[in-house]
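This report refers to the structure that appears directly beneath it.
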Amino acid sequence: MQPDPVQPDPIQPEPVQPEPVRPEPIQSKPASQTPLPAEPRTQGGPLRIIHCFRSPVGGIFRHVRDLAAAHAAEGHQVGILCDSTTGGPHEERLFEEIHPHLALGLVRLPIRRSIGPSDAKALWTSYKELRQLAPDILHGHGAKGGALARMIGTVLRVNGSPVARLYSPHGGSLHFDRRTWKGKGILALERFQEQATDALVFVCNYERATYEAKVGRPQPLAETIYNGVEDGEFLPVEPAPDAVDFLYIGMLRDMKGPDIFIDALGRTERLAGRPLSAMMIGDGPQQQDYLRMKLQRGLGRRIGMQPAMPARAAFASARFVVVPSRAESMPYIVLEAVAAGRPVIAARVGGMPEILGIDSAALAEPNDAQSLANIMHRALTEEGWARRTMPEPERFKATFSSATMAAAMMRLYRRLVADAKS
Numbered sequence: 055m056q057p058d059p060v061q062p063d064p065i066q067p068e069p070v071q072p073e074p075v076r077p078e079p080i081q082s083k084p085a086s087q088t089p090l091p092a093e094p095r096t097q098g099g100p101l102r103i104i105h106c107f108r109s110p111v112g113g114i115f116r117h118v119r120d121l122a123a124a125h126a127a128e129g130h131q132v133g134i135l136c137d138s139t140t141g142g143p144h145e146e147r148l149f150e151e152i153h154p155h156l157a158l159g160l161v162r163l164p165i166r167r168s169i170g171p172s173d174a175k176a177l178w179t180s181y182k183e184l185r186q187l188a189p190d191i192l193h194g195h196g197a198k199g200g201a202l203a204r205m206i207g208t209v210l211r212v213n214g215s216p217v218a219r220l221y222s223p224h225g226g227s228l229h230f231d232r233r234t235w236k237g238k239g240i241l242a243l244e245r246f247q248e249q250a251t252d253a254l255v256f257v258c259n260y261e262r263a264t265y266e267a268k269v270g271r272p273q274p275l276a277e278t279i280y281n282g283v284e285d286g287e288f289l290p291v292e293p294a295p296d297a298v299d300f301l302y303i304g305m306l307r308d309m310k311g312p313d314i315f316i317d318a319l320g321r322t323e324r325l326a327g328r329p330l331s332a333m334m335i336g337d338g339p340q341q342q343d344y345l346r347m348k349l350q351r352g353l354g355r356r357i358g359m360q361p362a363m364p365a366r367a368a369f370a371s372a373r374f375v376v377v378p379s380r381a382e383s384m385p386y387i388v389l390e391a392v393a394a395g396r397p398v399i400a401a402r403v404g405g406m407p408e409i410l411g412i413d414s415a416a417l418a419e420p421n422d423a424q425s426l427a428n429i430m431h432r433a434l435t436e437e438g439w440a441r442r443t444m445p446e447p448e449r450f451k452a453t454f455s456s457a458t459m460a461a462a463m464m465r466l467y468r469r470l471v472a473d474a475k476s
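Under the numbering used here, the final residue of the sequence shown carries the number 476; numbering is consecutive throughout.
Pasting the structure below:
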């Protein structure tokens with residue numbers, strides 16, 4: 055007996071709120087008036103650490119917040135420099151949460167995504183802000199953050215300040231194709247900047263292998279330190295009584311695969327022979343594209359859309375978390391979901407196999423909606439699928455806790471500070 059065909063919903067447009075226009079002036083927000091040290095810090099004393107990055111959204115922002123909180127709790131003094139034109143209400147709440155840990159303050163100024171004339175102004179303004187803080191560590195995250203931290207750190211060293219310069223790519227430039235002229239230029243710039251780098255820090259082995267393939271074998275010290283999540287995030291999250299079947303949570307842009315998610319849901323419905331439900335949670339530049347796509351596919355009522363919210367609140371809204379990215383490094387959302395006991399279905403990209411297992415049945419072929427749909431269907435219909443497929447909890451926690459990450463990073467910081475002052 056053939057199942058009844060799934061009927062598409064009538065197309066009903068949903069209102070999309072326009073993004074507010076944000077001002078661009080420099081926003082300095084010191085958490086406390088921390089005096090500059092009269093003498094150099096001793097090898098075992100507190101360090102002055104500045105994290106530089108462009109956009110305060112997504113995994114980089116989460117990574118920096120975790121490091122800042124952990125190291126501040128140990129008595130170190132931490133500050134942040136980042137862009138002032140990105141982020142929304144959710145990110146503003148996150149800044150308020152991390153602010154008490156920022157003894158060296160928060161500096162926000164316009165930092166454009168693309169390379170352009172405005173970078174010179176951003177560099178000069180950043181230098182003037184950071185030189186006053188006398189940092190021991192300048193840790194750049196992402197391409198723009200890495201460039202700022204290393205160039206400013208190099209000028210400070212020329213002027214006699216023994217600052218250590220670190221760079222964590224977090225994907226960034228490594229997403230470029232070296233067969234294109236733009237890719238060749240960006241990757242050549244990465245190689246050139248190694249001269250101003252004391253250490254490269256990769257968040258997974260995949261990222262390190264990609265760097266070696268596209269840029270070359272690292273000339274400075276290089277370490278792999280996995281991202282991690284806090285102890286409280288290992289408490290289980292149970293789905294709500296009205297939970298939907300599948301959840302997409304993340305940036306609304308093609309690289310993260312929201313279009314693949316929408317396509318895969320329709321294919322999963324055809325495999326199941328019945329309507330299914332889903333939720334997309336997040337913000338991003340292509341939000342309206344995906345709104346139109348779900349309406350055109352007849353999924354307007356069966357796929358809800360909500361703005362960014364805390365991950366654990368989002369996890370309770372669905373039975374399965376789907377991460378269909380076209381490219382990743384070590385995505386926090388997968389770590390958070392697995393830690394919370396939520397079953398994850400993901401594309402086999404980046405560091406996903408390092409989290410879920412190389413041969414995990416939860417991994418779909420990249421950029422393949424049908425492969426993703428096949429796994430989504432099995433997860434729905436096979437009893438015990440999650441129990442058989444997800445990583446063993448204790449082993450996972452030992453590898454991917456924020457305490458493990460912060461301790462490894464501090465050991466590296468200490469080593470570099472000692473080298474810089476010797």
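Every residue gets a Cβ at the ideal spot worked out from N, C-alpha and C, and that includes glycine.
The structure presented is a predicted model; accordingly, all values stated were derived computationally and were not measured.
query: I'd like the list of long-range same chain contacts for residue 365, defined as Cβ closer than 6 Å, with 5 residues on each side in sequence excluded.; result: 390
query: Cutting at 6 Å between CB atoms, please list the residues of its own chain near residue 272, excluding the five before and the five after it.; result: 254
query: Only counting the same chain, and skipping five residues up and downstream in sequence, which positions put a Cβ closer than 6 Å to that of residue 409?; result: 388
query: Use the C-beta contact count for residue 348: other C-beta atoms within 10 angstroms, 16 or more gives buried, fewer gives exposed.; result: buried
query: Could you please give the first and the last residue of the uninterrupted beta strand (DSSP E) stretch that includes residue 278?; result: 275–278
query: Could you check what DSSP says for residue 374 in three-state terms: helix, strand or coil?; result: strand
query: Are the beta-carbon atoms belonging to residue 484 and residue 383 less than 8 Å from one another?; result: Any answer about residue 484 is impossible in this case: the structure gives the chain only from 55 up to 476.
query: Please specify which runs of the alpha helix (DSSP H), each continuous and at least 4 residues long, are wholly inside the segment 379–419, giving them in chain order.; result: 386–393, 406–410
query: For the segment 228–243 against the segment 207–220, do three or more pairs of beta-carbon atoms, one drawn from each stretch, fall closer than 8 Å, so that the two count as touching?; result: no
query: Output the residue ranges of the beta strand (DSSP E) runs that lie fully inside the segment 212–292 and measure 3 residues or longer, sorted by chain position.; result: 218–222, 253–256, 275–278
query: If you draw a straight line from the alpha carbon of residue 197 to that of residue 226, how long is it in whole angstroms?; result: 6 Å
query: Determine the closest residue to residue 312 out of 324, 340, 296, with distance taken between C-alpha atoms.; result: 340
query: Restricting to Cα atoms, I'd like to know which of 148, 472, 126 is closest to residue 110.; result: 148
query: From which residue to which residue does the beta strand (DSSP E) around residue 362 run?; result: Where residue 362 is concerned, there is no enclosing beta strand (DSSP E), given that its DSSP letter is neither H nor E.
query: So does the segment 125–132 actually touch the segment 153–164, counting three or more Cβ pairs closer than 8 Å?; result: yes
query: Using 8 Å as the threshold, is the C-beta distance between residue 443 and residue 472 below it?; result: no
query: What residues are listed by DSSP as bridge partners for residue 159?; result: 133
query: Between residue 76 and the rest of its own chain, which residues show a CB-CB distance below 6 Å, the 5 nearest in sequence each way excluded?; result: Below a pLDDT of 50, predicted positions are generally treated as unreliable, and residue 76, at 40, falls in that range; no measurement from the model is reported.
query: What does the alpha-carbon distance come out to for the pair residue 150 and residue 119?; result: 11 Å
query: Can you say whether residue 412 is buried or exposed, counting buried as having 16 or more other CB atoms within 10 angstroms of its CB?; result: exposed
query: Within its chain, find whatever has a CB closer than 7 Å to the CB of residue 451; leave out the 5 residues flanking it on each side and keep chain order.; result: 288
query: Are the beta-carbon atoms of residue 426 and residue 318 separated by less than 8 Å?; result: yes
query: Rounded C-beta distance between residue 252 and residue 275? I'm assuming under 8 Å.; result: 7 Å
query: What would DSSP say about residue 455, mapped onto helix, strand or coil?; result: strand
query: So, with DSSP's three-state summary, where would you put residue 95?; result: Its pLDDT being 48, under 50, residue 95 is placed unreliably in this model, and the value from its coordinates should be taken loosely. If DSSP states are grouped into helix, strand and coil, residue 95 belongs with coil.
query: Cβ atoms of residue 326 and residue 195: under 8 Å apart, would you say?; result: no
query: Secondary structure at residue 194, three-state DSSP: helix, strand or coil?; result: strand
query: With a threshold of 7 Å on Cβ separation, who are the neighbours of residue 360 within its own chain once the five nearest residues in sequence on each side are excluded?; result: 333, 335
query: From the DSSP output, read off the bridge partner residues of residue 334.; result: 302, 359
query: For residue 278, which option in 295, 245, 294, 223 has the closest C-alpha, if you only look at C-alpha atoms?; result: 223
query: How long is the line joining the alpha carbons of residue 240 and residue 231, rounded to whole angstroms?; result: 9 Å
query: Taking 8 Å as the cut-off, decide whether the C-beta atoms of residue 316 and residue 375 are in contact.; result: no
query: What residue range does the beta strand (DSSP E) around residue 351 cover?; result: Per DSSP, residue 351 belongs to no beta strand (DSSP E) and is neither H nor E.
query: Which of the three DSSP states is assigned to residue 80 in this structure?; result: Unreliable placement is indicated for residue 80, whose pLDDT of 47 sits below 50; no coordinate value is reported for it.
query: Does the beta-carbon distance from residue 205 to residue 267 come in below 8 Å?; result: no
query: Kindly indicate which three-state DSSP category residue 104 falls into: helix, strand or coil?; result: strand
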